[in-house]
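Have a look at the structure below before the remarks.
There are 2 protein chains.
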Amino acid sequence: MTLPDRSTPDLPKRLPANYQLVYDVVRAQAPGLHAPAGDIFTRAKALKPSLGYSTIYRALDRLCQMGLVLELHLPGMNAALYEQARPGHAHFVCRACGRIEDVDCDVPSDAIHSFVRGRDGVVEEIILTVHGRCTSCRLAAPEPAALPAADSPS
Amino acid sequence: MTLPDRSTPDLPKRLPANYQLVYDVVRAQAPGLHAPAGDIFTRAKALKPSLGYSTIYRALDRLCQMGLVLELHLPGMNAALYEQARPGHAHFVCRACGRIEDVDCDVPSDAIHSFVRGRDGVVEEIILTVHGRCTSCRLAAPEPAALPAADSPS
DNA sequence: CGGGATATTGAAAATGATTATCACTTCCGA
DNA sequence: TCGGAAGTGATAATCATTTTCAATATCCCG
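First to last, the sequence lines map onto chains A and B.
According to our numbering, the first sequence holds residues 6 to 159 in order.
According to our numbering, the second sequence holds residues 6 to 159 in order.
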């Protein structure tokens, strides 16, 4: 199996003006807010109407590689969400209403770092996502009983 | 803003045979392996040729809701990956080669549970993903220097 | 065993986010 | 200033996932 050639990223030294603009737009989001690429495009285009859609993706890509922006894939959400990278918090996603809530929670970064480092790897980002049900949804609909894992091996 | 009506999931009590079959296929994967829906479809169809693609998605959906299967979105991967739900391990994704490695790492479930419970929510699933570079990729290409977060507020 | 509501099914089409392509411009180092 | 590498926007292409729909299957409650 040949994997895609992603070795030697070797990012250019300077951030192109458009990428900086996209970064600004992302940072302008209130902390705890997350936006799909389309929203970012809209807002960026408002600032510089000549912007093309592709540039947004290219910029977000780069910003993620640089660790400035975090790409967030949430279940039931067809589009990726982006936010300014900000370590030390997790995301709580309510399975019922889909609302996303920031959780100021200490990710066990030490444990992970040492584990990965023990294998000669480097940790660049830790993403912690919690699925569950928020208060209001829990009140609205009680938990359906979980099925006991039905076994039926071939 | 109106959110999609996802309240009251109220899952049917019994697991349809096709869903069970999909579950079996997912469980047949070696632990630590993750498969996109397409693969699962192929393998399931081999067992029951009449299966339609949509059924796979429906089944995976349901199985995820039931907590039997875990849906995994990894960066740079356009398709979701699925694996048997198995709490207490994280995924390490190498940004360079894209390889996925299982990390038997203790997720801080207690801390998260108490935090979320403190807000009257319920935790159903915790997904911990670590991005970084694995040994071989680190040797192949040294870390590009990180840009200092370039500021330029409007 | 009916009988009707409900859930599941597969095929095919629709959707929609993301990527690739391409011709052109811009930037930077030498 | 030259040359190549990187960035650009428009457009088309890709491709995973959803939706639709008509046809079955399944379940519940007598």
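The beta carbon of each residue, even a glycine, is placed where N, CA and C say it ideally should be.
Just so we're clear, the structure is a prediction, and the values are computed from it rather than from any experiment.
Check                                                                                    : Outcome
G123/A to R138/B span [Cα, whole Å]                                                      : 13 angstroms
Distance between A90/A and R63/A (C-alpha atoms, nearest Å)                              : 17 angstroms
Neighbouring residues, chain A, relative to F97/B (Cβ below 9 angstroms)                 : I117, F120, V121, R124, G126, V128
Rounded separation between H94/B and V108/B - CA only                                    : 6 angstroms
Nearest-angstrom Cα separation, counted from V127/A out to C142/B                        : 10 angstroms
Min CB distance D111/A to chain B below 8 angstroms                                      : yes
DSSP-derived helix/strand/coil call for S157/A                                           : Legend: pLDDT at S157/A = 43, less than 50; position of this residue unreliable, no value from coordinates given.
Nearest-angstrom beta carbon gap, Y87/B and L77/B [assumed within contact, 8 angstroms]  : 7 angstroms
is_contact[P54/B, chain A] using C-beta, thresh 8 angstroms                              : no
C-beta neighbour in chain B for R91/A, strict 8 angstroms                                : no
For A49/A, the first and last residue of its enclosing alpha helix (DSSP H)              : 42 to 52
Candidates L20/A, E106/A, P80/A, Q25/A, of which the one nearest S37/A by Cα             : What sits at residue 37/A in the sequence shown is Gly, not Ser. It is E106/A whose Cα lies nearest to the Cα of G37/A.
T140/A burial status per 10 Å Cβ neighbour count (16 or more: buried)                    : exposed
Counterpart residues of Y87/A in DSSP-defined beta bridges                               : A40/A, E76/A
Through-space distance from V135/B to V98/B, alpha-carbon basis                          : 6 angstroms
Chain A contacts from the segment 33 to 45 of chain B (Cβ-Cβ distance under 7 angstroms) : none
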